[in-house]
Amino acid sequence: DPQQRLLLQGAWEALTSTSNKSSPVGVFVGISSMDYSRVMSHYLTDVSPYAATGSALSVAAGRVSYMYGLQGPAVSTDTACSSSLVGSHIACDSMLLRECMMALACGVNLTLAPDTGVVFKQAGMLALDGRCKTLDADADGYVRGEACGVLLLDGEGKSAEREGHVICFAGSAVNQDGRSSALTAPNGPAQQKVISSALQRASLTSSSVAILNMHGTGTPLGDPIEIGAAHAVLMQSRSALADAELDVPLSVQAGKTYVGHTEPAAGVVGLIHAIHGTCHKMTSPVLHLRHINPHLTRILSSSQGRQVVRLGHLCREQSGLAWGGSQSLSSHGSGVSAFAFQGTNAHALLVASALATVSCVSEANLKFANKMRYWVGPLTHPLLSYVELTEAS
């Protein structure tokens, strides 16, 4: 499965960014697509002895551990759209239980066959114009995206020894809608509970969250419910704050307006988006936002008329918005949400601080991987042999 190959490459880049080679490393993969298996069964007449291990979702995590000799837990998680954020939650719990000292939090999704897209199209889930118009009055569904993301979480906090900002996975939570109006309908109260639980586990107050990275699939029903749930939890104490603190409202980001909905990989993509914004103290615009969904008008303004929820930049052509106020970077948190169509909800909170007790990833690590780009040739692929490429090459 090409998804397994992408995970092997992403894991290699993540592992080469750390000098800590002795700690047990776990592998936690969010994955759900089995397109490759369907393609092979359709086109191949002979049964291959490698078909099972080449396409099984469980092997996606196991193969990474096998290839690199990682002896921590290896778990593949399929909760649809929340898979990789649920996997990241499990990874942090595993480190807290000392099952591993470091963990690869991964998410991957490739669309290799048209079948699933056809089903989603018939169900009215996909946008007609190929744009994910999160929070817009004309939102009509999402756009399918492909991605492979790998984050190296350090439960011992040794990433803090590197230069650059240290992003701490402060806390996370997972729950389920349970019995609700419909299996695939978003549940506002359940979303409120998962955000509240994550805040409690992270020992953060609602007013300390400066950025919300929405699940934001660009649906006329789901987006208002998500904003309403976030507003009920994250804005409940802001009304009592001083005007100076209200100068830093809750900023909303919608990563799916950039890369589409990467489905099981969406959680890790959201984490990467949040890490980038937290490192640089910037928020990104919500693309394709022309006219705000009328259901959001009441939510986006306080009773005094002061705007307390800010949609990145409402101006489409402007760059990201810098955080205001005199508060330090470490005093702000960034929330990441992922909600699955079968009801499994996840929310994670990141903070920028050198005082992490759970798991960290440094900006230096992210940059280091970008410097290790390689040409994929017969003898230079990192899975075959390691060849150091100099700047001159």
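When you line the sequence shown up against this note's numbering, it's residues 142 to 534, in that order.
The beta-carbon is built from N, C-alpha and C at its ideal position, and this holds for glycine as well.
All of these numbers come straight from a predicted model, not from anything done at the bench.
Looking at the backbone, the Cα of G418 and that of Y184 are separated by about 44 Å. Exposure of D256 is indicated by the presence of fewer than 16 other C-beta atoms within 10 angstroms of its C-beta. Around the CB of S217, 16 or more other CB atoms lie within 10 Å, so the residue is classed as buried. Comparing alpha carbon positions, the residue from A406, H414, G401 and P190 closest to V393 is H414.
Restricting attention to beta strand (DSSP E) runs no shorter than 3 residues, the segment 148 to 201 encloses them at 166 to 171, ordered along the chain.
Inclusion of G408 and A351 in the CB contact set at 7 Å is not warranted, their separation being larger than that value.
In this chain, the beta strand (DSSP E) harbouring L491 covers T485 to A493. Beyond the five residues adjoining it in sequence on each side, H356 comes within less than 7 Å, by CB distance, of E367, S478, A479 and F480 in the same chain, given in chain order. Distance from A489 to L412 at the Cβ level is roughly 7 Å; contact confirmed, criterion being Cβ atoms closer than 8 Å. Unbroken alpha helix (DSSP H) runs of no fewer than 4 residues, entirely contained in the segment 334 to 376, are found at 363 to 375, following chain order.
The Cβ atoms of G203 and C241 do not sit closer than 7 Å to each other. Taking C-beta atoms under 8 Å as the contact rule, G329 and G369 qualify, at a distance of about 6 Å.
Contact holds between the segment 416 to 434 and the segment 397 to 408, because three or more Cβ pairs, one in each stretch, are under 8 Å apart.
Inter-residue distance for V205 and L149 is about 6 Å (C-alpha atoms, whole angstroms). Note that the segment 330 to 341 touches the segment 309 to 318; at least 3 beta-carbon pairs, one per stretch, sit closer than 8 Å.
Relative to the Cα of V166, the nearest Cα in the group A254, S196 and C247 belongs to C247. Ranked by Cα distance from C420, the first of G474, P435, P405 and A395 is G474. Beta-bridge annotation (DSSP): A288 is paired with N250. Our two residues, G359 and A280, have alpha carbons roughly 5 Å apart in a direct line.
Cβ-Cβ distances below 6 Å link T485 to T220, S223 and Q317 in the same chain, with the five nearest sequence neighbours on each side left out; the list follows chain order. By the neighbour-count definition (other C-beta atoms within 10 Å, threshold 16), S348 is a buried residue. In the three-state reduction of the DSSP assignment, M243 falls in the strand class. Check the Cα spacing between A323 and each of S189, G290 and Q483: the tightest is with Q483. The beta carbons of S313 and H230 sit closer together than 7 Å.
V335 places its beta carbon 7 Å or farther from that of G151. Scanning its chain for C-beta atoms nearer than 6 Å, with the 5 sequence neighbours on each side dropped, one finds around N354 the residues Q394, G411, H414, A415 and V477, in chain order. Following the DSSP letters along the chain, one finds S225 inside the alpha helix (DSSP H) bounded by residues S224 to L237.
Between G265 and G282, the beta carbon gap of about 7 Å places them in contact (Cβ cut-off 8 Å). DSSP places S206 in the helix class (H, G or I) of the three-state scheme. Around the beta carbon of Q263, fewer than 16 other beta carbons lie within 10 angstroms, which makes this residue exposed. Going by DSSP, T419 is part of the alpha helix (DSSP H) stretching over A407 to H421. For M181 and L226, the gap between their C-alpha atoms comes out near 29 Å. Judged by DSSP secondary structure, G396 falls outside any alpha helix (DSSP H); it is assigned neither H nor E.
H436 carries a helical assignment under DSSP once its states are collapsed to helix, strand and coil.
Around the C-beta of L237, fewer than 16 other C-beta atoms lie within 10 Å, and the residue is accordingly described as exposed. The residues A326 and P327, in chain order, have a CB closer than 8 Å to that of L362 in the same chain once the five nearest residues on each side in sequence are set aside.
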